[in-house]
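Engineer:
Residue numbers (this note's numbering): 839 to 1218.
Given below as structure tokens:
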């Protein structure tokens, strides 16, 4: 939705903002507004020959924070825009607390949205920006200021209430945008790559603050990102998407430890591809026979790429493999090793063990994992 606001100095500013008008039921209301269950049911959306959504089906429980994670073009932003009401699906439904809102306009969905671009009114100070949605709801001036001031305090910006966007840093502007979205006490908070324009340190700080606020207010939240670390650190559950479909939805620890597919395994966390050959009972990799998770679907003796995480490998003894370098991460050091086969793998060792592994040292690399996953076979 595009809201056009005319300010006291007569200027008109276009601004993307979901302004809610639907009153939540009293028994739905949580400490930070209404809590809602969202269901995206068999959503399809095409743009020309591209299938942005291909039967997407996802339920988000009340008070839950779910991240939509995937590469560019996987459909995550389209899913968010359909939920917000900015896009209409070709087929399928959007349900809010069991009520079909597929054809309800964006401004009547009772949702707050935070964009990658901060979208603040440049001619309004921080306090007035936060209060804007309340003003559109015709909340009285004193109550608007009270609620807006409380939210600015909640995001740590009470001292910046009278400052204008150009006087604030990027992280501060995004916190104002977050406070503004929360001011209307939305039933659902939608976050569209809200941290991607910020530097690394500010991103970490702000994502921790978003999670703390969401936990405190228990607002149902959908967070779109292509950053796996961001998704794993902030979410109750992560929905990994590919080509408009869901590959896996699970808690972060399960996604990492038990990926449902090779795509999820390689997309979530660091993953090595190590050459191996299938056997009657599994796969032989780095001189050891290991069980294979899932359907192997390769004849014994077939050459395959085996997916192994850095912590599932260890370095020991002397061999023809060569240490290429190492990266210190505190208690753990990640060692890069060039295998005989010409493939470089990353191996996590304790920093004490890695201290003696200088570049050029010959080492042996062994698989520790009791079972492994095979990489997808490239399409013919």
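Backbone N, C-alpha and C fix where the C-beta goes; we use that ideal spot for every residue, glycine too.
Buried or exposed for residue 1005, going by 16 or more other Cβ atoms inside 10 Å?
Structural biologist: As a position in the chain shown, residue 1005 is number 167, starting the count at 1. Looking at its Cβ environment, which holds fewer than 16 other Cβ atoms inside 10 Å, residue 1005 is exposed.
Engineer: Could you check the C-alpha separation between residue 876 and residue 940 for me, to the nearest Å?
Structural biologist: The sequence position of residue 876 within the chain shown is 38, counting from 1. The sequence position of residue 940 within the chain shown is 102, counting from 1. So the two alpha carbons sit approximately 12 Å from each other.
Engineer: At 3 residues or longer, what runs of the beta strand (DSSP E) sit wholly inside the region 919 to 989?
Structural biologist: Segments of the beta strand (DSSP E) lying fully in the region 919 to 989: 929 to 934 and 949 to 952.
Engineer: Mind the definition here: the region 1146 to 1154 touches the region 1187 to 1206 only if three or more C-beta pairs lie below 8 Å; say whether that holds.
Structural biologist: Taking 8 Å as the limit for Cβ pairs, the verdict is that the region 1187 to 1206 does touch the region 1146 to 1154.
Engineer: Applying the criterion that 16 or more other CB atoms from any shown protein chain within 10 Å of the CB defines a buried residue, is residue 1179 buried or exposed?
Structural biologist: Working through the chain shown from its first residue, we reach residue 1179 at position 341. Burial call: exposed.
Engineer: So the beta strand (DSSP E) residue 1157 belongs to, where does it begin and stop?
Structural biologist: Locating residue 1157 in the chain shown gives position 319, where the first residue counts as 1. Looking at the DSSP string, the run of the beta strand (DSSP E) that includes residue 1157 is 1151 to 1166.
Engineer: For residue 1075 versus residue 1065, is the C-beta distance shorter than 8 Å?
Structural biologist: If you number the chain shown from 1, residue 1075 lands on position 237. If you number the chain shown from 1, residue 1065 lands on position 227. Residue 1075 places its beta carbon 8 Å or farther from that of residue 1065.
Engineer: Check residue 1113 in the structure and name its three-state DSSP category.
Structural biologist: Numbered from its first residue, the chain shown carries residue 1113 at position 275. Reduced to three states, the DSSP call for residue 1113 is strand.
Engineer: Please say whether residue 1102 and residue 1210 have beta carbons closer to each other than 8 Å?
Structural biologist: Position 372 of the chain shown, counted from the first residue, corresponds to residue 1210. Position 264 of the chain shown, counted from the first residue, corresponds to residue 1102. No, they are not a contact pair.
Engineer: Would DSSP call residue 905 helix, strand or coil?
Structural biologist: In the chain shown, the residue the question calls residue 905 occupies position 67. Assignment of residue 905 by DSSP, reduced to helix, strand and coil, places it in the strand class.
Engineer: Round the Cβ separation of residue 879 and residue 919 to the nearest angstrom and send it over; I've been treating them as touching at under 8 Å.
Structural biologist: As a working mapping, residue 879 is identified with position 41 in the chain shown. As a working mapping, residue 919 is identified with position 81 in the chain shown. In fact, because the Cβ distance is near 16 Å, the residues do not count as touching under 8 Å.
Engineer: CB residue 1170 to CB residue 1188, shorter than 8 Å?
Structural biologist: In the chain shown, the residue the question calls residue 1170 occupies position 332. In the chain shown, the residue the question calls residue 1188 occupies position 350. Cβ atoms of residue 1170 and residue 1188: closer than 8 Å.
Engineer: Would you mind working out which of 968, 1109, 1097 and 1162 sits nearest residue 1131, comparing C-alpha positions?
Structural biologist: Position 293 of the chain shown holds residue 1131. It is 1097 whose Cα lies nearest to the Cα of residue 1131.
Engineer: Measure the C-alpha to C-alpha separation of residue 995 and residue 953 and round it to an integer number of angstroms.
Structural biologist: Stepping through the chain shown from its first residue, residue 995 is reached at position 157. Stepping through the chain shown from its first residue, residue 953 is reached at position 115. The alpha-carbon atoms of residue 995 and residue 953 are separated by roughly 19 Å.
Engineer: Per the DSSP calculation, residue 1059 is bridged to which residue(s)?
Structural biologist: Residue numbering aside, residue 1059 sits at position 221 when the chain shown is read from its first letter. Looking at the DSSP output, residue 1059 bridges to 903 and 1027.
Engineer: On the CB-based measure, 16 or more other CB atoms within 10 Å of its CB, does residue 1039 come out buried or exposed?
Structural biologist: The count along the chain shown starts at 1 and reaches residue 1039 at position 201. Label assigned to residue 1039: exposed.
Engineer: Quick check on the DSSP output: the alpha helix (DSSP H) that includes residue 1009 runs from which residue to which?
Structural biologist: For this step, residue 1009 is matched to residue 171 along the chain shown. Note, residue 1009: alpha helix (DSSP H), 1008 to 1021.
Engineer: Which residues mark the beginning and the end of the beta strand (DSSP E) in which residue 1066 is found?
Structural biologist: Here residue 1066 is taken as the residue at index 228 of the chain shown, counted from 1. Careful: residue 1066 lies outside any beta strand (DSSP E), inside the alpha helix (DSSP H) at 1066 to 1072.
Engineer: Below 8 Å, can you find three or more Cβ-Cβ pairs linking the region 1013 to 1030 to the region 982 to 993?
Structural biologist: yes
Engineer: Does the region 885 to 896 touch the region 907 to 919, meaning 3 or more C-beta pairs lie closer than 8 Å?
Structural biologist: Cβ pair count under 8 Å is three or more, so yes.
Engineer: Can you check DSSP and say which residues form a bridge with residue 1077?
Structural biologist: Counted from its first residue, the chain shown places residue 1077 at position 239. Per DSSP, 906 and 1087.
Engineer: Residue 999 and residue 961: beta carbons closer than 8 Å?
Structural biologist: Along the chain shown, read from residue 1 onward, the residue named residue 999 stands at position 161. Along the chain shown, read from residue 1 onward, the residue named residue 961 stands at position 123. Here residue 999 is not near residue 961, since their CB atoms are 8 Å or more apart.
Engineer: What three-state label does DSSP hand residue 1040 in the structure shown?
Structural biologist: Walking along the chain shown from the start, residue 1040 turns up at place 202. Correct three-state label for residue 1040: helix.
Engineer: Spell out the partners DSSP gives residue 898 in its beta bridges.
Structural biologist: Position 60 of the chain shown, counted from the first residue, corresponds to residue 898. 876, per the DSSP bridge assignment.
Engineer: Just how far apart, CA to CA, sit residue 1029 and residue 904?
Structural biologist: Position 191 of the chain shown holds residue 1029. Position 66 of the chain shown holds residue 904. One C-alpha to the other measures close to 10 Å.
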